Amino acid sequence: PQKGMRFYLSIVLMLLAGASFTYSSLQKEGLSSSSSSSFVDRFLHDHLLSLNATTTYNNRRTMRPSFSLAKEARAKYPIVMIPGFVTSGLEVWEGEDCARHHFRHRLWGSFGTASTLLSDRECWQKHLSLHPQTGMDPEDIRLRAAQGFDAADYFMATYWVWSKLLENLSDVGYDGSTMTMMSFDWRLAFPKLEERDGHLTKLKHTIEAYKETTGEKVVLMSHSMGSQLVLYFFSWVTTDRAKGGGGGGPKWVDEHIQSFVNIAGPVLGVPKAAPALLSGEMKDTCVLFGTAVGTMVEQFIGRRFRKNLWNTWGSLWAM
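One point on numbering: in the working numbering, the residue at position 75 of the sequence shown is 78, and numbering is uninterrupted.
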């Protein structure tokens, strides 16, 4: 493990050196500091993600449960994955001057998250916030969920979320034609997801397309808050269109869903969401008191800062 860690750190240092060299070159060419900083963030995110995925896939293949299962089990039912709270990357599609250099790149879920927060906290908060009255996009600001498996396989390029499942499913024959990741803007209240992005309609059509092309029902696999979204979807899809639903009818779920795999889903809610919304405080931040990390957290994203941001996220109120 120590040799592996040293190897990993050496690769990180080489990437940092390469990024720093490129950063300096770009500045010499006259590129703005904000643009070159964004480039370094993307450079590190992309290369560390590639290194992480390749290393774990190649070095641990025989250790994965699917390695032995693959001798007998093969892909059958299509799989639709629903990520959870905060684990999908959020990309900038429109923003104010301070965030325009992030266009089509992540303001959440990459190295850029930390660098932007530390360099311009107010800009970061303004773009991560939703409109306090409508729960939708603020004026002249649009953040949208990243798409594809990259949206939620790793968080911040090094902390795996769905990557292990993707590796194991690949061993038994799954690929991009038989499974998909339906990422979404986890800040929005569920009704707003449909109103703004048509997300529930897209999910319904995706499941129906799999059923039509493969002849098999779909396995819905959700993580964390994704389980609540799935339950909301079941209610929506069986509700008449005249009442604001998907119009699938009462038998739609039975006819299209083989099974629902709930991974750590808070189906009864999350009690700590209440103090988080009321005060900006919760267990996760309380345990940091008296530590260096806690001091830094309070300095850069204190309780009032967190409360004001979180109160704009309709998803938290749903929990």
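Every residue, glycine too, gets a C-beta built ideally from N, C-alpha and C.
On a predicted model such as this, the values are computed, not experimentally measured, just so you know.
- Classify arginine 216 as buried or exposed, calling it buried when 16 or more other Cβ atoms lie within 10 Å of its own Cβ. Walking along the sequence shown from the start, residue 216 turns up at place 213. Here residue 216 is threonine; the residue named in the question, arginine, does not match the sequence. Exposed, by the Cβ-count rule.
- Query: Helix or strand or just coil, what does DSSP make of tryptophan 163?
  - Reply: Mapped onto the sequence shown, residue 163 falls at position 160. Strand.
- Measuring CB to CB, does leucine 280 end up less than 8 Å from leucine 319? Position 277 of the sequence shown holds residue 280. Position 316 of the sequence shown holds residue 319. Yes.
- Message: With H, G and I counted as helix, E and B as strand and the rest as coil, what does DSSP make of valine 270?
- Response: On the sequence shown, position 267 is the one that residue 270 refers to. In the structure shown, valine 270 adopts coil according to DSSP, grouped into three states.
- Beta-carbon gap between tyrosine 177 and alanine 76 smaller than 8 Å: Within the sequence shown, residue 177 is the residue found at index 174, counting from 1. Within the sequence shown, residue 76 is the residue found at index 73, counting from 1. Judged by beta-carbon spacing, alanine 76 lies beyond the 8 Å limit of tyrosine 177, meaning their Cβ atoms are not closer than that value.
- Task: Consult DSSP for glutamine 261 and reduce its assignment to one of helix, strand or coil.
- Result: In the sequence shown, counting from the first residue as 1, residue 261 sits at position 258. Glutamine 261 falls in the strand class under three-state DSSP.
- Message: So, at 7 Å on beta carbons, what are the nonlocal neighbours of isoleucine 210 in its own chain, with the 5 sequence-adjacent residues on each side left out?
- Response: Along the sequence shown, one-based indexing puts residue 210 at 207. In the same chain as isoleucine 210, and ignoring 5 residues on each side of it, the C-beta atoms closer than 7 Å to its own belong to Val83, Val221, His259, in chain order.
- Message: Taking 8 Å as the limit between beta carbons, can you name the residues of its chain near arginine 145, skipping five residues before and five after?
- Response: The sequence position of residue 145 within the sequence shown is 142, counting from 1. Same-chain partners within the cutoff: Val95, Trp96, Glu97, Gly98.
- Message: Can you tell me whether phenylalanine 158 is helix, strand or coil according to DSSP?
- Response: For the purposes of this step, residue 158 is taken as the residue at position 155 of the sequence shown. Note: phenylalanine 158 maps to strand in three-state DSSP.
- Collapsed DSSP secondary structure at valine 3 in the structure displayed: Residue numbering for the chain in the displayed model covers 4 to 322; residue 3 lies beyond these limits and cannot be assessed.
- Message: Assuming the contact rule is C-beta atoms closer than 8 Å, valine 300 and threonine 315 should be a hit. Round their C-beta distance to whole Å, please.
- Response: For the purposes of this step, residue 300 is identified with residue 297 of the sequence shown, where counting begins at 1. For the purposes of this step, residue 315 is identified with residue 312 of the sequence shown, where counting begins at 1. About 20 Å separates the two Cβ atoms, so there is no contact after all.
- Message: I need the DSSP call for isoleucine 144, collapsed to helix, strand or coil.
- Response: To locate residue 144, count along the sequence shown from 1; it is residue 141. Isoleucine 144: coil per DSSP, three-state reduction.
- Item | Buried versus exposed, by CB contacts within 10 Å (16 or more), histidine 105 | Translated into positions along the sequence shown, residue 105 becomes position 102. With 16 or more other Cβ atoms within 10 Å, it is buried.
- Message: For tryptophan 111, list the residues DSSP reports as bridge partners.
- Response: The residue you call residue 111 lines up with position 108 of the sequence shown. DSSP lists Leu93 as partners of tryptophan 111.
- Please report how far the alpha carbon of glycine 87 lies from the alpha carbon of proline 68, in whole angstroms. Taking the sequence shown and counting its residues from 1, the one referred to as residue 87 is at position 84. Taking the sequence shown and counting its residues from 1, the one referred to as residue 68 is at position 65. So the two alpha carbons sit approximately 24 Å from each other.
- Task: Please state whether DSSP places isoleucine 82 in a helix, a strand or coil.
- Result: Here residue 82 refers to the residue found at position 79 of the sequence shown. Looking at isoleucine 82 - three-state DSSP - the assignment turns out to be strand.
- Given 8 Å, three or more beta-carbon pairs between the segment 195-208 and the segment 242-257: yes
- Item | C-beta contact flag for glycine 169 and phenylalanine 152 at 8 Å | Working through the sequence shown from its first residue, we reach residue 169 at position 166. Working through the sequence shown from its first residue, we reach residue 152 at position 149. It should be pointed out that residue 169 corresponds to leucine in this sequence rather than to glycine. Result yes, Cβ atoms of leucine 169 and phenylalanine 152 sit closer than 8 Å.
- What residues in its chain sit with their C-beta under 8 Å from that of alanine 73, if we drop five residues either side in the sequence? Along the sequence shown, one-based indexing puts residue 73 at 70. Closer than 8 Å at Cβ, skipping near neighbours: Asp174, Val175, Gly176.
- Item | Proximity of serine 227 and glycine 268 at Cβ, strictly below 8 Å | For the purposes of this step, residue 227 is taken as residue 224 along the sequence shown, with counting starting at 1. For the purposes of this step, residue 268 is taken as residue 265 along the sequence shown, with counting starting at 1. Yes, the Cβ-Cβ distance between serine 227 and glycine 268 is below 8 Å.
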